[in-house]
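Position 12 of the sequence shown, counting from 1, maps to 18 under my numbering, and the rest follow consecutively.
Working notes for the structure below.
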Amino acid sequence: MALANKESELAERIRATSDEVTSTDIARELDRWATGADQLAQVHRDQIYRPNPDITAPPPPSFIQGSVAVNEATNNLVLACPSAGPHDADA
7 MALANKESEL AERIRATSDE VTSTDIAREL DRWATGADQL AQVHRDQIYR
57 PNPDITAPPP PSFIQGSVAV NEATNNLVLA CPSAGPHDAD A
């Protein structure tokens, strides 16, 4: 449950940030990231209540959707703001 709560907190902070930016493209990607984080949080909450999860079963569609949303949004944000992206420690 701790992971789900952290993901929800992150989604709230990202969504609040999207309200503060002036670029509609960046705001849209931040909102997409937050939505994906919310989806992942819900998947983790749902897993808690599954009595005997089948670890060989494919992930639920909402996990895939949330993961894709987070990955695509963060990639688009790095492309839009390269100086804000991760930095190479060896550079």
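The beta-carbon is built from N, C-alpha and C at its ideal position, and this holds for glycine as well.
Endpoints, the alpha helix (DSSP H) within which residue i is located
i: ALA10; result: 8 to 24
i: PRO67; result: 67 to 86
i: THR30; result: 30 to 54
Cβ-based neighbour list, residue i, same chain, cut-off 6 Å, excluding 5 preceding and 5 following
i: ASP44; result: ALA17
i: HIS50; result: LEU9 and ALA10
i: CYS87; result: none
Through-space distance from residue j to residue i, alpha-carbon basis
i: GLU26; j: LEU9; result: 26 Å
i: ILE20; j: THR30; result: 14 Å
i: ASP64; j: MET7; result: Looking at the sequence shown, residue 64 is not Asp but Pro. About 21 Å.
i: ASP60; j: GLU13; result: 23 Å
i: ILE32; j: ILE70; result: 22 Å
Between the segment 79 to 91 and the segment 33 to 51, do three or more beta carbon pairs fall short of 8 Å? Under the 8 Å Cβ criterion, the segment 79 to 91 counts as touching the segment 33 to 51, having at least three qualifying pairs.
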